[in-house]
Structures are given as structure tokens and as C-alpha cells.
Amino acid sequence: MKVEIESETEIEKETESTIKREKEKEIFYTHVFVYSNKTKKGETLETMINQLKKEFETSLEVCKSHSLSFLSIGCTQEKLSELAEKHGVQCRIRKTDPNQIQEYQVYKKENEDRFLSRDLSKTSKQQIHITPFEFDSCTSQEIIHHELLECFSVSMLEELMDDDSFVQVFALHDETELNRTIEATTKGTILWASKGKINIFRQYFGIDLSLYFSFLLKYIQMLFFPSALGLLVHWITNSEYDQPMVALAYTFFIVLWGNNFVDEWRVIKKAVQKIFNIYDPDHFTRQSNLERTPIFDDIKKNINSPSVTVPRIVSLFTSALMLMISIACILIVNKKKVISGAETRKQLKRYQSTSIGILTGIVIAVLRTLFKKVADKLTENEKQETEKGKWKSYLLKIFLFDLVANVTYPFAIAFISRDIEFLKKTLKYIMFTKQIIGNIKDVGIPWLKYKIKIYLYNKKKIASGENPITKIEKQFLASKFQDSYEEYEEMIIQWCYISLFAVAFPLSPLFGLLNNLVEQITDSKKLLFFKRPHYRKSEITISVDKYWEKIMRTLSMLSLFSNIGIIYIFYGKRFSNSLISTISIPISLAIISLISYTNFFKNSSNEGNVEK
1 MKVEIESETE IEKETESTIK REKEKEIFYT HVFVYSNKTK KGETLETMIN
51 QLKKEFETSL EVCKSHSLSF LSIGCTQEKL SELAEKHGVQ CRIRKTDPNQ
101 IQEYQVYKKE NEDRFLSRDL SKTSKQQIHI TPFEFDSCTS QEIIHHELLE
151 CFSVSMLEEL MDDDSFVQVF ALHDETELNR TIEATTKGTI LWASKGKINI
201 FRQYFGIDLS LYFSFLLKYI QMLFFPSALG LLVHWITNSE YDQPMVALAY
251 TFFIVLWGNN FVDEWRVIKK AVQKIFNIYD PDHFTRQSNL ERTPIFDDIK
301 KNINSPSVTV PRIVSLFTSA LMLMISIACI LIVNKKKVIS GAETRKQLKR
351 YQSTSIGILT GIVIAVLRTL FKKVADKLTE NEKQETEKGK WKSYLLKIFL
401 FDLVANVTYP FAIAFISRDI EFLKKTLKYI MFTKQIIGNI KDVGIPWLKY
451 KIKIYLYNKK KIASGENPIT KIEKQFLASK FQDSYEEYEE MIIQWCYISL
501 FAVAFPLSPL FGLLNNLVEQ ITDSKKLLFF KRPHYRKSEI TISVDKYWEK
551 IMRTLSMLSL FSNIGIIYIF YGKRFSNSLI STISIPISLA IISLISYTNF
601 FKNSSNEGNV EK
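Read in order, the letters of the sequence shown are residues 1 to 612 in full-length UniProt numbering.
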């Protein structure tokens, strides 16, 4: 009896040993990324991949991600741990079902064309779910919005990791992929970008920034003809052939061009939606964290109650008061230039004029800081229904302040000083200096901060006896890119100068074109080398919200009245001597107004139908 018991024990041990060996042979899906001081000096990720390939009997599938490069490895858990320790890399082991991988490979082979083009528009939700294990925890809608295994988006990678390891590490470590992205974002992008390039933008920068690049490229394309026409109008208005009707015709063209640009904005948004296979028309403005706030749950039954309406009315009047104070401060600082006559301006010395300009910039910066704090408090008290509504209300206040601060001085010169030559000179100075200061702020300062941080960090490492700083550590030291609001705002403020003061400064489209040709390169360089893209699944993408379209449509209508007013002020006497010219102005005004209002209400109606 005793022998039998021993025999059974031996059998059990042998069975357990067999099961253990079988388990060790199971395939594991593993994320491997280089983020360790143990990495040999000068060793790139590509070198490490080649070394790992030699030591594995099974094949390696190398996946490129915009957050970092990683490997999909088939091996035993024990051997993987040994290799990770040997090469000084961190890894996270995720067990998967071999049968599921086999199904995935069959599916990939059958749908190879769609995988290569990243076009999943014809792929059903059920088919997507046979992709590897990690997608099981995601909804079908989330999967549709992202590529599959070969090209994860960062929002997917966040779901795979316990912490923010993926999003904390700056992008491409692979030189080939980095060069490919640089080429796509800085070369040959003046005309409408191809589907392949848009996908590269999306892989690296995310949806919000890829849309910004799409808008910027289309904006550049649309500026070519106004720039050429502006040169012609500038030559005519500064020659003996100066005719008021030329200025009126140019105004007519600019207003129609502005309306057309807003329509193109909508077309681009829909086109990029289609390229990214995003079928939810409100995807850009409805994210997972944009649910109704807890405070709204308490007041949703009585939305028109005083506790809701009174703070919003107070916010409206306070914002208007702050804007009026800002206008008054800007006019007071520039009193000698604006309110005084032309003779007083001529008596100002160069250093006095420059000092007034610098003081104006300081006043605007101080007022903007104060206004941001007030806007933050006001928005908190408004009790918005959603977090998105709260963020949108805050940014709308900031945008209105920036708009008022930028156009107050030129409007004062046009309608108070009534000096056309001084207005032309001022607009030329503003657009030129904004281009230089903007590039210094966007590229120069981040580059300088980045280099200083690298120098100090490397000095600290060497002093403590550690290896010199690695490429990944350098990239990690880059500051985060918060959101694309500043980029969109810069583009729209420039568009305001072009449309609102087209008659006074016909060269403004040319200045804008030259600036944007540089901007498309500097923005991509900044995001590639000096910034870490701030990816979050729940990011509020206010930058592509439909309210930008409404703002631009409204400004396009205002440009009509602004330019007509400037024409009457500077060409009024010449128009009064011509009956045809006098009649043509109200007729043109009526036609353009009709077109503008028709487009505005037509698009508002379409937005209502889409929401329904």
C-alpha cells in the first residue's frame, strides 16, 4: 500500500513537471522597449533588434509606434527574462492564445490590401475582434478609430500599460521612421497632402494635429491667388492709375474668398474624417471624458434656474467690461500715435515710436494674464453642462481677448486717425514682427530650453559616474506639447489681418503666404525635435470644433463692413464725383451681404441636421 502511494506521488510529480514544461512553451506577446542606463553606449534600437533576432529561434515582428518602437516576440517566458536582463531592457509579458494569433495571421493575409492602405472602411466590427487578445478589452468603435497591430495609436498603447510609460517617452527612436516622418511633414507639402502623408501625420501627431496640418496646407494653397492679386492691386493703388473701383473689386473678392475658405475648412474636416475611417460625425468633439459633470446632474431638471443663468450673465458682462478696459488701455498707451494728428506723429523720434510699441506689447501681455485668471474664475461659476462646454467657454473668452488686442490698434488708426499711409506702415510692421517673434517663441525658445536641460542632465550623470545621456533620455527631456489651440489661433488671427484690412494693405496675403511656408516647416520641426506630443484618449479637441467655423464665418462678414468703411474714409471724395461709383457701392454691399448671410444660415441649418 505504501509503495502504491509513493508510486502515485511520483506520477503526480511527473505530471506536474510535464504541465510546467508545456506551459513554458506557450507563446507570449511582449512589449520590449529600451529605457535603461544599462544600454551600451551608442547602441540604437535597430542594433538591439538585430541582436535579439539572432538569439531567438522564432521570428520577430517589428512594430513601429509613434510613441516608441517595440517588438512582438514569440518565445518562452524564461528565455525572454534572461534576454531582457542581459540587454538591460524592460519588458512586460502578455500571454496570448496561439490559436488566436493563427486566426489573426489568416485574417491579415486575406485582407492584405486593406492592411497596407490602412483602409478599414469595409471591415466589419466582428472581423476586427479576431485580432490579438489586447483588443478584447476595447469597444468596436474604439478599434475602428485606430489601426490594427502593425501601427498602434498611443491611446491604444495606454490601455496596454499600467502606467504612462509609452506616452512619457518621446517618439520615434528608429532613424528610418524618423526620417520618413520628417520628409512627410517638411517636404512637398505645399499642395493638398496625399492620403499616405495624412496617415503619417496621424500616426505621429494624432488626429488633432494632423487636421491642423491639413488646414494649414490648404490655407497655403488658397493664398497663392490672393497674393498675386494683392500685388497687382498694390501696384495700381500706388500708381497714377489709382482707381477706387479697384479697391471695391478687391474687397468683393476677399469677402467671397473668405467665405470660400470657411467652406473649404468644412470640406477638409470631412475628407480627413474619411481618410481616418471615423464614421461618427461628432467624433472630434465628443470624447470619453466629456460626460456631463456631477454639478449638472443636480440642476438638469431646472436648467433655466437663476443659479445657472445669473452666473452666465455675470460672466458675459464681466468679459465685455474687461475687453473694453483692454481697448481703453491700448488706446491710452498709443495716444500720441492714434489720437494726435499726423504732424505729432512725424515729430516722434524713432526710439520714442519703438518704446511705445514695446510698452503696448507689455500692456497686452499683462492684461492677457489678468484676463486669463478672470476668465478661469468666470468659467468655473458658469456651471457648464459638460467639461467640453466648460473648456470651450474658457477658450472662447481668451480668443476674443486676443482678437480684440490684435485689431484694436489698426482699427483705431483707420477710423480715428484716418491716415492710410500710417495704417499700411503699421500693418506691414505688425505682420512682419509677429512672424519673427512667433518663430522665436515657437522654435527658438523651446530649442534653447531643450539644449540647456540636456546639458545640465548630462553633466549631472557624468558627475555621478553614470554613462553619458542616451538618445531616449534626450527625447524624454523635451517638454510636452499641450494642445493645438495656439497654432489654430495664430492661423485665424493672421486670416483676420488679411480679410479685415485687405483694402488698406493688399500685400497682407503675400506676407501670410510667406509666413505659412515657413510655419509648416517650423511647426513640424518643433513637434519632432523639441516637443513631446501630448496624447490622451480623453483629450478635448476644441481646436477642430465647429465653433471655429462660426467664428471665421462671422469675421468674414465683418470684413465686408470693415473694408467698405475704409474705402469710404479714404476714397469717399473720389466716389462722390462719380454717380456710377456711388450707386455701385450699395449694390455690391447688398450682393456680398446676401451671399454671406445665405452661406452662414445655410451652414447653420446643415449643422442642425447633422446633430439631429
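No residue lacks a Cβ here, since even glycine has one placed at the ideal position from N, Cα and C.
Alpha carbon to alpha carbon, how far is T354 from I437? 15 Å
With a threshold of 8 Å on Cβ separation, who are the neighbours of residue 629 within its own chain once the five nearest residues in sequence on each side are excluded? With the chain covering 1 to 612 only, the question about residue 629 has no answer from this structure.
If we count Cβ pairs, one from each stretch, closer than 8 Å, do we get three or more for the stretch 489-496 versus the stretch 394-409? yes
Of the residues I440, W235, A328, the one placed nearest T408, counting alpha carbons only: A328
Can you tell me whether M324 is buried or exposed? The criterion is at least 16 other CB atoms within 10 Å of its CB, across all chains shown. exposed
What is the DSSP secondary structure of E159, counted as helix, strand or coil? The pLDDT assigned to E159 is 36, lower than 50, so where the model puts this residue is not dependable; a value taken from the coordinates is nonetheless given after this. Of the three classes helix, strand and coil, the one that applies to E159 here is helix, per DSSP.
My output table needs one value for F511: the three-state DSSP class, helix, strand or coil. helix
Under DSSP, the alpha helix (DSSP H) around E466 begins and ends at which residues? Element bounds for E466: n/a, residue is neither H nor E.
Note down the Cα distance separating P468 from K451, rounded to an integer number of angstroms. 15 Å
Anyone know if the C-beta pair for L510 and G230 falls short of 8 Å? yes
N-terminal and C-terminal residue of the alpha helix (DSSP H) that K425 is part of: 420-439
Can you give me the C-alpha to C-alpha distance between Q221 and L514, rounded to a whole angstrom? 12 Å
Buried or exposed by the 16-neighbour rule on C-beta atoms within 10 Å, applied to I362: exposed
Mark S326 as exposed unless 16 or more other C-beta atoms lie within 10 angstroms of its C-beta, in which case mark it buried. buried
Is N238 helix, strand or coil when you go by DSSP? coil
For the ligand SAM, I want to know if L323 counts as a neighbour, meaning its beta carbon is within less than 7 Å of at least one of the ligand's heavy atoms. The ligand SAM is absent from the structure shown, which contains no ligands of any kind.
Inspect the beta-carbon positions of V443 and K525 and report whether they are closer than 8 Å. yes
I need the DSSP call for A405, collapsed to helix, strand or coil. helix
Check each candidate in I313, F481, W548, L448 and name the one with the smallest Cα separation from L527. F481
Ordered along the chain, which non-local residues of its own chain (more than five positions away) have a Cβ less than 7 Å from that of A504? A414, I420, L423, K424, L427, I566
Would you kindly work out how many angstroms separate the C-alpha atoms of N260 and A228, rounded to a whole number? 18 Å
Suppose the cutoff is 7 Å on Cβ atoms and the five residues either side in sequence are ignored; what does the same chain contact list for S376 look like? Per the sequence presented here, residue 376 reads as Asp, with Ser not at that position. Y394, listed in sequence order.
Determine the direct distance from the alpha carbon of I268 to that of L256, and round the result to whole angstroms. 18 Å
Tell whether a beta-carbon distance below 8 Å holds between W265 and E549. yes
Ordered along the chain, which non-local residues of its own chain (more than five positions away) have a Cβ less than 7 Å from that of M431? Y497, S508, F511
Is the beta carbon of L316 less than 8 Å from the beta carbon of A412? no
In the structure shown, what three-state DSSP assignment does P506 receive? coil
Determine the contact status of S484 and Y212, defining contact as a CB-CB distance below 8 Å. yes
Using the C-alpha atoms, what's the distance from I440 back to K474? 22 Å
Using the Cα positions of L448 and A478, report the straight-line distance between them to the nearest angstrom. 11 Å
Taking Cβ positions only, does K453 come closer than 8 Å to chain C? Absent from the structure is chain C; it holds one protein chain and no more.
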